[in-house]
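J.: Take this structure, written in structure tokens, and hold onto it; I'll ask about it next.
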Amino acid sequence: MTTGYHPLVKRLLDGELSLAELPPELRAEGEEALRLVGAADRAPVALSPALEERVMATVRGHAASLGHAASPGHRAWRWLNTPRDVELRLRVRPWTVWAGALAAAAALALLLGRPAPEPVPGAQARGGTRDSVLVRFVLYAPGAHRVAVAGTFNQWDRAAAPLVPAGTSGVWTTTLALPVGQHQYAFVVDGARWVADPGAPAVNDGFGRRNSIVAVTAPGAHL
Amino acid sequence: MRTIGLAATLLLGATLAGELAAQQPRLDRRVSPEVQRAVQVIAADAAARGLPVDPLVQKAIEGAAKGVPNDRVIAAVRALAGRLGESMAAVREAGVAAPGGDVVEGGADALNAGFSGRQVSDLVRVSRPPHDAALTLRVAATLAALGVPTKQALQLVQGTIGSDRSASDLLGLPGQVQAGVARGATPAQAAAGLARAAGGTPPGRLPDWVPPGQQKPKNPHKP
Numbered sequence: 033m034t035t036g037y038h039p040l041v042k043r044l045l046d047g048e049l050s051l052a053e054l055p056p057e058l059r060a061e062g063e064e065a066l067r068l069v070g071a072a073d074r075a076p077v078a079l080s081p082a083l084e085e086r087v088m089a090t091v092r093g094h095a096a097s098l099g100h101a102a103s104p105g106h107r108a109w110r111w112l113n114t115p116r117d118v119e120l121r122l123r124v125r126p127w128t129v130w131a132g133a134l135a136a137a138a139a140l141a142l143l144l145g146r147p148a149p150e151p152v153p154g155a156q157a158r159g160g161t162r163d164s165v166l167v168r169f170v171l172y173a174p175g176a177h178r179v180a181v182a183g184t185f186n187q188w189d190r191a192a193a194p195l196v197p198a199g200t201s202g203v204w205t206t207t208l209a210l211p212v213g214q215h216q217y218a219f220v221v222d223g224a225r226w227v228a229d230p231g232a233p234a235v236n237d238g239f240g241r242r243n244s245i246v247a248v249t250a251p252g253a254h255l
Numbered sequence: 007m008r009t010i011g012l013a014a015t016l017l018l019g020a021t022l023a024g025e026l027a028a029q030q031p032r033l034d035r036r037v038s039p040e041v042q043r044a045v046q047v048i049a050a051d052a053a054a055r056g057l058p059v060d061p062l063v064q065k066a067i068e069g070a071a072k073g074v075p076n077d078r079v080i081a082a083v084r085a086l087a088g089r090l091g092e093s094m095a096a097v098r099e100a101g102v103a104a105p106g107g108d109v110v111e112g113g114a115d116a117l118n119a120g121f122s123g124r125q126v127s128d129l130v131r132v133s134r135p136p137h138d139a140a141l142t143l144r145v146a147a148t149l150a151a152l153g154v155p156t157k158q159a160l161q162l163v164q165g166t167i168g169s170d171r172s173a174s175d176l177l178g179l180p181g182q183v184q185a186g187v188a189r190g191a192t193p194a195q196a197a198a199g200l201a202r203a204a205g206g207t208p209p210g211r212l213p214d215w216v217p218p219g220q221q222k223p224k225n226p227h228k229p
């Protein structure tokens, strides 16, 4: 707007010259400029209180989001949760890496080789899966006071699997859950006498006696 | 390369140590200190040769449970270790470079039942999926324990596998022989009847004989 005024008129507006000091041909332009500037409203502008409140609320919310008004816990969490670029440098000798790897492998091997839980009757498989099926053992032993069955499936424990008499007929029986596979066993009569199952195949036990063989094939089946 | 060899040696040593350590508590409460010491030496030697240790521990526990004198228990464990070694050699002869413990133990059972090392190799050779070599060996051992001559048992097993019968059928062979014996047949007669039904090798044929028009079974253990 003022760019069109003569430089001397601009100096007039700036108060550096008076109207009388302008050349006569510029006095009309000078008077017009003074008139326009004098007509300008110089009253202070008053903002609406509602507008001021809205602006300040926005400013406070922004400040809170930047952490200026957050609690210490909130600030700590933000500090922990804010991603940062971290550069980690290690200086190692190659043999220490190998030694560490070997130590870890040895520890793992020892851990895997720890003693297994004590097996329970029927829980140990020989050449089979962990699927167990019920197998019935029967022995005719008239006059016996106690009969049990011991074998590879119960660590040859004479007390683990006692048979019960079926009435007074001399027939003793029990049913065990055995894993699928083949097992060797024998009956123990009165806690001391080892007897092979007369109804099952038997092999030399290496001690001059015979072990019976039971092969569990499918649920409920045995030789 | 030298480092890798050292690592493998350390790992193998740690694994064997773990396996032997795992057997320790099983022996602690069941056998005498004398038997325990002897078995540990035998087992360590067996483990160093890659033989399974568990059957040795089982045999020691079995002997102690049966009240067998210490020297006889130790002798039986030592004899079993020998059979496991012989079985390992026979299984490797069949083309299995690194046999599992079950297969080696099954071979030892077969040797104990009267099979020769060569027959054990033949049994492993004829095994093919779904027939596991360990199962094949145990079934053959059971047939021999029933009184079936080893050569005939070998032919029966091979005929059953060759005619694509299931693993359950194979495991059921001893029961079928027993049923035949119960009807009045000798074990050899019962086995011959089953072999004919299975299309197995006729008497007098070599174990790898196959009926005309049938393909010779492929050995899965050969590369």
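As given, the protein sequences belong to chains H and G, one line each in that order.
Counting with our numbering, you get residues 33 to 255 for the letters of the first sequence.
Counting with our numbering, you get residues 7 to 229 for the letters of the second sequence.
The beta-carbon is built from N, C-alpha and C at its ideal position, and this holds for glycine as well.
8 Å is my cut-off, CB to CB: does L117(G) come that close to chain H?
T.: Not closer than 8 Å to any Cβ of chain H, the Cβ of L117(G) fails to qualify, so no.
J.: With 8 Å as the threshold, decide whether the Cβ of P211(H) is near any Cβ in chain G.
T.: It does not: the Cβ of P211(H) has no partner Cβ on chain G nearer than 8 Å.
J.: Say whether chain H places a C-beta atom closer than 8 Å to the C-beta of V74(G).
T.: Output row for V74(G): interface = yes.
J.: Report the option in R134(G), L149(G), T156(G), E111(G) whose CA atom is closest to the CA atom of R124(G).
T.: When only C-alpha atoms are compared, the closest one is T156(G).
J.: Which chain G residues are close to T206(H), counting only those with a beta carbon under 9 Å from its beta carbon?
T.: Here the premise fails: no neighbours, minimum Cβ distance about 18 Å.
J.: Using CA coordinates, which residue listed in G69(G), G107(G), R84(G) is at the minimum distance from Q46(G)?
T.: Checked all of G69(G), G107(G), R84(G); the closest Cα to Q46(G) is R84(G).
J.: Enumerate in chain order the residues of its own chain whose CB-to-CB distance from L176(G) is below 8 Å, with the five nearest sequence positions on each side excluded.
T.: So the list reads H137, L141, T142, V145, V163, T166, I167, once near-sequence residues are dropped.
J.: Please classify S38(G): does DSSP put it in a helix, a strand, or coil?
T.: In this structure, S38(G) counts as coil in the three-state DSSP scheme.
J.: Distance check for A198(H) and V97(G), CA to CA, integer angstroms please.
T.: Roughly 46 Å separates the two Cα atoms.
J.: Kindly provide the ranges of any beta strand (DSSP E) runs that are 3 or more residues long and lie completely inside the region 148 to 231 of chain H, ordered along the chain.
T.: Listed in chain order, they are 164 to 172, 179 to 183, 203 to 211, 213 to 221, 225 to 227.
J.: Looking only at its own chain, which residues have a Cβ that is under 6 Å from the Cβ of L90(G), when we skip the five neighbours before and after it?
T.: Once the five neighbours on either side are set aside, the close Cβ partners of L90(G) are L57, V110, A114.
J.: What separation, rounded to the nearest whole angstrom, lies between the Cα atoms of F62(H) and L54(H)?
T.: At residue 62(H) the sequence reads Gly, which differs from the Phe that was named. Their backbone Cα atoms lie some 8 Å apart in a straight line.
J.: Can you tell me whether DSSP reads V41(H) as helix, strand or coil?
T.: In the structure shown, V41(H) sits in a helix (DSSP, three-state: H, G or I).
J.: So what does DSSP say about S244(H), is it helix, strand or coil?
T.: In this structure, S244(H) counts as strand in the three-state DSSP scheme.
J.: If you reduce the DSSP assignment to three classes, tell me which class A100(G) lands in.
T.: Correct three-state label for A100(G): coil.
J.: For chain G, is any of its Cβ atoms less than 8 Å away from the one on P194(H)?
T.: Output row for P194(H): interface = no.
J.: Please confirm whether K65(G) has its beta-carbon closer than 8 Å to some beta-carbon of chain H.
T.: Yes, contact with chain H.
J.: Let me know if R131(G) comes out buried or exposed under the rule of 16 or more other beta-carbons within 10 Å of its beta-carbon.
T.: By the neighbour-count rule (16 or more Cβ atoms within 10 Å), R131(G) is buried.
J.: Less than 6 Å between C-beta atoms, sequence neighbours within five positions excluded: which residues of the same chain meet that for D112(G)?
T.: Here residue 112(G) is Gly; the residue named in the question, Asp, does not match the sequence. These residues qualify, in order along the chain: A140, L143, R144.
J.: Pop quiz: N186(H) and A176(H) are said to be a contact at Cβ under 8 Å. What is the actual Cβ separation, rounded to whole angstroms?
T.: The Cβ separation is near 19 Å, so there is no contact.
J.: Can you tell me which of the three DSSP states G145(H) falls into?
T.: Residue confidence is low: G145(H) scores 43 on pLDDT, short of 50, so the model does not pin down where it sits. Its coordinate-derived value is still stated next. Coil.
J.: Rounded to a whole number of angstroms, what is the C-alpha to C-alpha distance between L86(G) and V154(G)?
T.: Straight-line Cα distance between these residues: approximately 23 Å.
J.: Are V227(H) and D163(H) closer than 8 Å when you measure CB to CB?
T.: Not closer than 8 Å, so no.
J.: Can you give me the Cβ contacts of R190(H) inside the same chain, cut-off strictly under 7 Å, excluding the 5 residues immediately before and after it?
T.: The answer, listed in chain order, is A180, A182, V220, G223.
J.: Report the option in A44(G), A95(G), G178(G), V126(G) whose CA atom is closest to the CA atom of N76(G).
T.: Residue A44(G) is the option with its Cα nearest to N76(G).
J.: Just how far apart, CA to CA, sit P193(G) and Y172(H)?
T.: Answer to the nearest angstrom: the Cα atoms are 24 Å apart.
J.: Under the assumption that A151(G) contacts A234(H) (Cβ atoms under 8 Å), give the Cβ distance between them as a whole number of angstroms.
T.: That pair is a contact at about 6 Å.
J.: If A49(G) sits next to V59(G), beta carbons under 8 Å apart, how far is it from one beta carbon to the other, in whole angstroms?
T.: Between V59(G) and A49(G) the Cβ distance is about 5 Å, and since that is below 8 Å, they are a contact.
J.: How big is the Cα-Cα spacing for P135(G) and A173(G)?
T.: Cα-Cα distance, rounded: 9 Å.
J.: Which value, in whole angstroms, describes the spacing of the CA atoms of G88(G) and P39(G)?
T.: Each residue's alpha carbon lies about 22 Å from the other.
J.: Assign T184(H) to buried or exposed, taking buried as 16 or more other Cβ atoms, counted over all protein chains shown, within 10 Å of its Cβ.
T.: By the 10 Å Cβ count, T184(H) comes out buried.
J.: Have a look at V41(H), L68(H), E48(H) and flag the residue whose alpha-carbon is nearest the alpha-carbon of P56(H).
T.: Among V41(H), L68(H), E48(H), the Cα nearest to that of P56(H) belongs to V41(H).
J.: Can you find a CB in chain G that lies within less than 8 Å of the CB of V152(H)?
T.: Note that V152(H) scores a pLDDT of 30, beneath 50, so its modelled location is shaky; the value from the coordinates is reported in the next line. So, not an interface residue.
J.: Do you know how far the Cα of V246(H) is from the Cα of N118(G)?
T.: In a straight line, the C-alpha of N118(G) is about 16 Å away from that of V246(H).
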